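For the sequence shown, this note's numbering assigns the number 45 to the initial residue and increments by one for each residue that follows.
All remarks here apply to the structure that follows.
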Amino acid sequence: MSVGWVLLIDTIAGSLILLSLTGVLLWTELNRRRTAGAVLIARSIVAAVACGLM
């Protein structure tokens, strides 16, 4: 793959991650209960990925 394609795919992936994070923030609307739930889900995903990489 050429450098152009790699940069394009990385840019698209980064923008999708940013959009998903801002979408979660908009969904929680800084509601304390929803924010706590979103944090728990995010931590469990990170823990699952970390265990999968070991």
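From the three backbone atoms N, C-alpha and C, an ideal C-beta is built for every residue, glycine too.
Given the structure is predicted, the values throughout are model-derived calculations rather than measurements.
The three-state secondary structure of L74, taken from DSSP, is coil. In this structure A82 is not in contact with V93, their Cβ atoms being roughly 17 Å apart against a cut-off of 8 Å. Between W71 and R78, the gap from beta carbon to beta carbon is short of 8 Å. When rounded, the separation of the alpha-carbon atoms in V47 and A57 is 15 Å.
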